[in-house]
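See below for the structure under consideration.
In the numbering used here, the protein residues as written are 332 to 629.
So, in structure tokens, the structure goes:
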């Protein structure tokens, strides 16, 4: 096992959820797994997955990834993009049956976990955050039974997955017939969580990726926010462009950025606030990011 388990040990986790074990089987031979001390074992083929404080570790913790600190987020916290994600996901989840089984892939510190309060909700990540139920790279190892979940959630995850097609195909097997995959993915956002930010997707790629994995696109929307993008650009100018100039030019440029930022804020008060809309309703769409619902083909 490589990498650090500091995330798990920093906050004690309860024992393995019994209902989660019922949804899993051996990723090698598909036989039943049983809990044995600090591991999950397959009595048929001998497969063994170590557990740390109730969290099964099905794949090695990447040695090159440093866990990110928890940032408090919610419906009124974080960036405009994150707030749009919350609104989109909350609206979708509120329409689900109370007994729907939901898997949150790449859940991290559980930024959206409050939306699933009181539901059959399970979370995973490749990093051993204390908030997740299991650690696994689902594109490589899939410990779940066929058709285990009604909904799989990928919130700002696909841009960090190099083999995104493998992940979606793996997810297809564990989603019920006519089950859903809910995705948010940035488009015009700057690189984040470097160096593990691999891609930006167009609507055309999203549609092709979904079809190749056995899904149909039920909904493909964008989040549009001109003021947010203008402020992002000004931030980039402040951080990168201005520093390369002479001292007098830096002073002038920073003064202009200060003035322009105030104008942008006024501009935001007299124009449409950030909004979610179908991509087909926008000519040459240039959204902050996309909000997608895929449906598994029956």
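Even for Gly, the Cβ is constructed at its ideal location relative to N, Cα and C. Only a predicted model underlies this, so the values are computations on that prediction, with no experimental measurement involved.
Ends of the alpha helix (DSSP H) at residue i?
i, result
"residue 472", "Premise fails: residue 472 is in no alpha helix (DSSP H) and is neither H nor E."
"residue 498", "495-505"
"residue 391", "Counting along the chain, residue 391 falls outside any alpha helix (DSSP H), and DSSP gives it neither H nor E."
"residue 541", "534-543"
"residue 489", "Here residue 489 belongs to no alpha helix (DSSP H), and DSSP marks it neither H nor E."
"residue 424", "411-424"
Would you grab the beta carbon distance between residue i and residue j for me? Rounded to a whole angstrom, and I think it's under 8 angstroms.
i, j, result
"residue 487", "residue 470", "Rounded, the Cβ-Cβ distance is 16 angstroms, inconsistent with contact."
"residue 627", "residue 509", "6 angstroms"
"residue 436", "residue 484", "7 angstroms"
"residue 490", "residue 442", "So it is not a contact: roughly 15 angstroms between Cβ atoms."
Helix, strand or coil: how does DSSP classify residue i here?
i, result
"residue 435", "strand"
"residue 350", "helix"
"residue 511", "strand"
"residue 516", "strand"
"residue 548", "strand"
"residue 627", "strand"
"residue 571", "helix"
"residue 553", "strand"
"residue 576", "coil"
"residue 591", "helix"
"residue 366", "strand"
"residue 480", "strand"
"residue 616", "coil"
"residue 430", "coil"
"residue 559", "helix"
"residue 583", "helix"
"residue 442", "coil"
"residue 601", "helix"
Can you tell which of the options has its C-alpha closest to the C-alpha of residue i?
i, options, result
"residue 356", "371, 573, 434 and 588", "371"
"residue 495", "462, 532, 475 and 509", "532"
"residue 554", "569, 528, 520 and 511", "520"
"residue 557", "477, 616, 501 and 504", "616"
"residue 481", "611, 392 and 434", "434"
"residue 386", "422, 457 and 424", "457"
"residue 468", "478, 438, 443 and 528", "438"
"residue 609", "543, 419 and 366", "419"
"residue 350", "366, 580 and 358", "366"
Which two residues bound the contiguous beta strand (DSSP E) that contains residue i?
i, result
"residue 355", "Where residue 355 is concerned, there is no enclosing beta strand (DSSP E), given that its DSSP letter is neither H nor E."
"residue 606", "606-609"
"residue 380", "379-383"
Query raised in the report: Is the number of C-beta pairs between the region 611-624 and the region 498-517 that are closer than 8 angstroms three or more?
Result: Yes, the region 611-624 touches the region 498-517.
Query raised in the report: Hey, is the region 580-595 in contact with the region 523-535, meaning 3+ C-beta pairs nearer than 8 angstroms?
Result: Judged by pairs of C-beta atoms under 8 angstroms, the region 580-595 does not touch the region 523-535, as fewer than three such pairs exist.
Requested in this report: Would you check if there are 3 or more beta carbon pairs closer than 8 angstroms linking the region 427-436 to the region 447-462?
Outcome: The answer is yes - the region 447-462 touches the region 427-436, with three or more Cβ pairs under 8 angstroms.
**Report entry** At least 3 beta-carbon pairs within less than 8 angstroms: the region 599-611 vs the region 412-425
**Finding:** Touching, yes.
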